[in-house]
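*Asks:*
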Amino acid sequence: MTVVYLDNAATTPVDPRVVETMLECCGPSGDFANPSSVGHEPGRRARARVEQARAEVARVVGAAPEQVIWTSGATEADNLALFGAARFHRAKGRHLVTSRTEHPAVLDCCRQLEREGFEVTYLKPGPDGIVQPSQVEAALKPETILVSLMHVQNEIGVVQDVGAVGRLCRSRGVLLHVDAAQGAGKLPIDVERDCIDLLALTAHKVHGPKGVGALVLRREPRLGLVPMLFGGGQERGLRSGTIPTHQVAGMGRAFAIAADEMQADAERISALRLALYESIAALPNVELNGHPTQRAPGILSVTVDGVEGESRLHARADLAIASGSACASAHAEPSYVLRALGRSDRLAQSTLRLSLGRFTTREDVQYAASRIAVEVARLRSIAPVALR
Ligand SMILES: *Cc1c(COP(=O)(O)O)cnc(C)c1O
């Protein structure tokens, strides 16, 4: 049976070129040594791998290599950014601003910070998923220390204007953290131009390995952060723990490839996404979620009214697609992201989230579109008349 993967987790396999780089860091003749052991040749070779990767990742986001701190992924980078900055700057103020559609890696840090005595303003985006810079401006208070706004929304794919928010924050002396897990390597983002103080990255959303990411810190003036992990003092004392050479080298290669192929990938994947959307939109009562043009190439979210209980559509063995994010879809709750855009519970639960990546083909999209059309017709034919 043909299986078409349009689920975020399944459309981002590790690129074979990344695998090759990672393997060069494994095995008895690989560059596997501890990159902190620079007293011997194998250690220096591993260190060179790590530093090359640091430069590759930095280049994609307009940073210098020394601004990159390795982490285990974007979740850890978000935690380090939010807890690290809030704890360091608490004497200056205890107010943070974020949006209701952030990833749980940001929202759950904010909830914990509230328990620790901070106050958080959660901005509601417009029905198109966009948070206006003017909303951020209106939320700033004298005691605001940090704004956290994501680059690309992982469920609906909208792109926030982080540059406008960055310039605003910079002019007010407030730090800006950006979760760019879904956007970096796919769309241009530049920590200098966009005035970003903290930027969270991950490898696995750009065909790198899972379990490695980075926090990019602004260059000057140096940012104070309280670490989350204490120990050997690696990464300027901000992230203790032995650096996983093969993981980091893989992330570097994934970002280098993403930078070289960004434009071609974005054009091809956007065209596939539009073709998929157009064929689904030809069905009655279909609505796109999120801004029609201010969006990332590979994420499509559509609400198909009358297909209540989207799980039945997902359950089809030959289509691997998701309703919410991987993290949220374990729960049967309607997506908080779609609820924040004003969708009813019922419509939020009648939503398909489709992801396309570097390896998605036109045939995949055509097959998925025809299977979705058949299934939607079938589910509508058995849905209560009021919902059709
Ligand atoms: C995937 C994702 C994360 C989590 O990244 P990990 O590397 O899996 O920890 C955080 N934020 C956003 C927006 C994501 O899409």
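Its first residue numbered 18, the sequence shown is counted upward by one per residue in my numbering.
Positions of the beta carbon are idealized from the N, C-alpha and C atoms, including for glycine.
Everything numeric in this text was worked out from a predicted model, so none of it was measured.
Given Ser342, which residues of its chain have a CB within under 7 Å of its CB, disregarding the five upstream and five downstream residues?
*Replies:* Per-residue confidence for Ser342 stands at a pLDDT of 47, beneath the threshold of 50, marking its modelled position as unreliable; the derived number appears in the next sentence. Result list for Ser342: Asn171, Glu172, in chain order.
*Asks:* Check whether the stretch 31 to 49 and the stretch 377 to 393 are in contact - that is, three or more C-beta pairs closer than 8 Å.
*Replies:* Contact between the stretch 31 to 49 and the stretch 377 to 393 is absent: fewer than three C-beta pairs spanning the two stretches fall below 8 Å.
*Asks:* Taking DSSP as the reference, what is the three-state secondary structure of His308?
*Replies:* coil
*Asks:* Give me, in chain order, the residues of the same chain whose beta-carbon lies closer than 6 Å to that of Phe272; leave out the 5 immediate sequence neighbours on both sides.
*Replies:* Only Glu73, Val74, Val77, Gly202 meet the Cβ criterion.
*Asks:* How about Val265: is its Cβ closer than 8 Å to a heavy atom in ligand 1?
*Replies:* no
*Asks:* Since Arg189 and Leu157 should fall inside the 8 Å C-beta cutoff, what is the C-beta to C-beta distance between them, to a whole number of angstroms?
*Replies:* 6 Å
*Asks:* Indicate whether Ala275 and His221 have their beta-carbon atoms separated by less than 9 Å.
*Replies:* no
*Asks:* Using DSSP with H/G/I as helix, E/B as strand and the rest coil, what is Gly101?
*Replies:* helix
*Asks:* Identify every run of the beta strand (DSSP E) within the stretch 67 to 128, keeping only runs that are complete inside it and at least 3 residues long; order them along the chain.
*Replies:* Within the stretch 67 to 128, the complete beta strand (DSSP E) runs of at least 3 residues are 85 to 88, 112 to 116.
*Asks:* Which partner residues of Arg235 appear in the DSSP bridge assignment?
*Replies:* Assignment of beta-bridge partners to Arg235 by DSSP yields no partner.
*Asks:* Have a look at His120 and Pro261 and give me their C-alpha separation to the nearest angstrom.
*Replies:* 25 Å
*Asks:* Just the C-alpha distance for Gly315 and Leu289, rounded to the nearest angstrom, thanks.
*Replies:* In this model, Gly315 and Leu289 are separated by some 8 Å (Cα to Cα).
*Asks:* Once DSSP output is grouped into helix, strand and coil, what is the label at Ala334?
*Replies:* Legend: pLDDT at Ala334 = 49, less than 50; position of this residue unreliable, value from coordinates given subsequently. Residue state, collapsed to three classes: coil.
*Asks:* What is the residue span of the alpha helix (DSSP H) that Arg388 lies within?
*Replies:* 379 to 399
*Asks:* Grouping DSSP H, G and I as helix and E and B as strand, with all else coil, what is Leu157?
*Replies:* Reduced to three states, the DSSP call for Leu157 is coil.
*Asks:* Within the same chain, show all residues whose beta-carbon is closer than 8 Å to that of Lys227, passing over the 5 residues directly before and after it, in chain order.
*Replies:* Gly90, Ala220, His221
*Asks:* Can you say whether Phe376 is buried or exposed, counting buried as having 16 or more other CB atoms within 10 angstroms of its CB?
*Replies:* exposed
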